[in-house]
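>
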Amino acid sequence: MQKVDVLVVGAGLAGLHTARLLARRGLDVLVVERRRSLSSGLRTTGIFVRRTLDDFDLPEHLLGPGVRDVLLYPPSRRAPIRLTSDRDEYRVAHLAAVYEHAHRTAESAGAQVRLGVRYAGVANGVVQFGDAEPVAARFIVGADGARSRVARDLGLDRNRRLLVGAEIVHPIAAGASEPAFHCVLDPRVAPGYLGWVIDDGHSAHVGVAGYPQAMRAGVRHLLDTFAADAPGQVTATGPIERRGGPIPVGGLLRRLACPAGLLVGDAAGAVSPLTAGGLDPCLRMSELAAAVVADYLRDGDPRTLRRYDGDGLRTRYRGRLLLRRMLASIRSAAAAEVAVTMLRSRAGRAAAARILFGDGSFPDVR
Ligand SMILES: Cc1cc2nc3c(=O)[nH]c(=O)nc-3n(C[C@H](O)[C@H](O)[C@H](O)COP(=O)(O)OP(=O)(O)OC[C@H]3O[C@@H](n4cnc5c(N)ncnc54)[C@H](O)[C@@H]3O)c2cc1C
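So, in structure tokens, the structure goes:
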């Protein structure tokens, strides 16, 4: 039976980044991913915020043009509030290429990555897969997304509060539009969150996200309804791609680690409860996770794992959890019109700019 120091379940950004950092520390790391190709089954829009681009080395050619303008719309779609930054605040990544890049860098650091292998369970350090040989692992990293099976098997906390997000990606003619991020607050299509349109220089991404129990019409229907009159849309050409999946917004989970393993990324609830952005948090949490795992495997002291403390980190973003509750309480189009009207004031615009252009998308864990 193959033996490894660390088995990472899931080759999303959290899993690949953690694997790379652990392998760089000299550990024997195996990543398993149920998808057969990292370019298929994409879930995310791939909007990276300025803070991530400042702190992590994402190659320039993987990123679309900088976006400085955000337009906030009420349900009527009339008279949006335009907020403009003097810096590039967002860039949409060419996602398939980002995953390929993360895959290559994990492998060049020494990690093995096996695609088309589904984690099926663990007992006494022996991990079972759908139809591959079992592997003995000293430690497991659950990077298997919002509905983590690893979390369940290890008895760790699990995400309970989830939004469901979905989007359509249209190819567009280069230079057809000025890059801008359009956000529509409309509980009829996005109950508890928002509808968005953003372009990455090659494609326009049109999406919605909301609480599943409030999406009685179904996410696909709501997305198609929204797409029919979404703002800032450019004429679609060629085939379209659909993406989507659950987004945990209940905040970082409290119990994230035990002597058998720990959780990173969406599996850990590492998503901003307010903006629902998870790419920055998953990279930051992976750095802390890799440092803690490497120390723990060296000293074998369970107290080392206390440094990976969801409870402690959670307290740093109480404000965002509160704002999430407020966002979730906007149930009618009329209430959303009022909310956007309040944002038109000077104080409202300043608050919106702080959220959209601020430096605090997720607490720094380093
Ligand atoms: C529609 C949508 C749009 C979004 N847009 C943005 C955005 O623009 N910016 C942003 O910051 N965040 C965005 N998010 C959130 C962001 O995508 C996630 O927070 C981030 O991708 C989480 O990365 P991850 O590696 O933790 O999880 P994932 O990317 O979900 O990776 C988990 C991996 O585990 C694999 N896996 C699961 N179970 C098993 C198993 N049993 N065996 C083997 N493999 C398994 C899955 O196939 C998957 O590849 C969006 C989310 C959605 C749904």
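Residue 542 in this note's numbering sits at position 269 of the sequence shown, with consecutive numbering throughout.
A virtual CB, placed ideally from N, CA and C, is assigned to each residue, including glycine.
Would you kindly work out how many angstroms separate the C-alpha atoms of LEU552 and PHE630, rounded to a whole number?
Each residue's Cα considered, the two are about 16 Å apart.
> Let me know if ASN397 comes out buried or exposed under the rule of 16 or more other beta-carbons within 10 Å of its beta-carbon.
By the neighbour-count rule (16 or more Cβ atoms within 10 Å), ASN397 is not buried but exposed.
> Check whether the segment 343-352 touches the segment 366-384, taking contact to mean three or more Cβ pairs, one atom from each stretch, closer than 8 Å.
Too few Cβ pairs lie closer than 8 Å, so no.
> Using three-state DSSP, classify PHE402 as helix, strand or coil.
Strand at PHE402.
> Between which two residues does the beta strand (DSSP E) carrying GLY394 extend?
Per DSSP, GLY394 belongs to the beta strand (DSSP E) from 392-396.
> Hey, GLU373 and VAL322: beta-carbon distance below 8 Å or not?
Not a contact, by the Cβ cut-off of 8 Å.
> In chain order, what residues of the same chain have a beta carbon less than 6 Å from the beta carbon of ILE320, not counting five sequence neighbours either side?
So the list reads TYR363, VAL365, once near-sequence residues are dropped.
> Between PHE454 and LEU315, what straight-line distance do the alpha-carbon atoms span, to the nearest angstrom?
Distance between the alpha carbons of PHE454 and LEU315: 20 Å.
> Is ARG557 a contact residue of ligand 1, with contact defined as CB to any heavy atom under 7 Å?
Checking the Cβ of ARG557 against ligand 1 gives no.
> So the candidates are GLY534, ALA410, PRO546; which of them puts its Cα closest to the Cα of ALA563?
Selected option, being the one with the closest Cα: GLY534.
> Under 7 Å from any heavy atom of ligand 1, does the C-beta of TYR466 make it?
False, no ligand heavy atom lies under 7 Å from that Cβ.
> May I have the straight-line CA-CA distance separating ASP417 from ARG324, to the nearest angstrom?
Their Cα atoms are separated by approximately 25 Å.
> Give me the residue from ARG489, SER476, HIS443 with the minimum Cα distance to ALA463.
Measuring from the Cα of ALA463, the nearest candidate turns out to be ARG489.
> Could you spell out where the beta strand (DSSP E) holding LEU629 opens and where it closes?
Not the beta strand (DSSP E): LEU629 falls in the alpha helix (DSSP H), residues 619-630.
> Helix, strand or coil for GLU644? Go by DSSP, reduced to three states.
Absent from the model: residue 644. The displayed extent of the chain is 274 to 639, so no value can be given.
> So for TYR590, helix, strand or coil by DSSP?
TYR590: helix per DSSP, three-state reduction.
> Would you list the one or two residues that DSSP bridges to GLN486?
According to DSSP, GLN486 bridges with nothing at all.
> Just to confirm my understanding: we take HIS478, look at its own chain, exclude 5 residues before and 5 after, and list those with CB closer than 6 Å. What are they?
Closer than 6 Å at the Cβ level, and outside the excluded window around HIS478, lie THR318, GLU440, VAL442, ILE471.
> Would you kindly check if the distance between the Cβ of PRO452 and the Cβ of GLY339 is under 8 Å?
The answer is yes: Cβ separation under 8 Å.
> Among GLY542, GLU406, GLY299, which residue has its Cα nearest to the Cα of LEU594?
For LEU594, the nearest C-alpha among the options comes from GLY542.
> Are the Cβ atoms of HIS290 and ALA375 separated by less than 8 Å?
Against a cut-off of 8 Å, the Cβ pair of ALA375 and HIS290 comes out as a contact.
> Within a Cβ cutoff of 8 Å, which residues of the same chain sit near GLU610, ignoring the five residues on either side of it in sequence?
Excluding residues within five positions, the ones whose Cβ falls inside 8 Å are PRO347, PRO348, SER349.
> Cα separation between ARG580 and VAL395?
Taking the straight line joining both Cα atoms gives about 24 Å.
> Classify GLU514: buried if its beta carbon has 16 or more other beta carbons within 10 angstroms, exposed otherwise.
Flag for GLU514 reads exposed.
> Taking the alpha-carbon of VAL414 as reference, which of ARG431, ALA487, GLY283, PRO519 has the nearest alpha-carbon?
Comparing Cα positions, the closest option is GLY283.
> Could you round the C-beta distance between ARG597 and PRO546 to whole angstroms and report it? I think they count as a contact, below 8 Å.
Contact flag correct, Cβ pair sits at about 4 Å.
> Can you list, in chain order, the residues of its chain whose CB lies under 7 Å from that of ALA487, leaving out five sequence neighbours each side?
Result list for ALA487: PRO464, GLY465, in chain order.
> Would you tell me roughly how many angstroms separate the C-alpha atoms of ARG604 and VAL371, rounded to the nearest one?
The alpha-carbon atoms of ARG604 and VAL371 are separated by roughly 36 Å.
> Label GLY438 either buried or exposed according to how many other C-beta atoms from any shown protein chain fall within 10 Å of its C-beta, with 16 as the threshold for buried.
GLY438 should be labelled buried.
> Do the CB positions of ALA606 and ASP459 come within less than 8 Å of each other?
Yes. Within cutoff.
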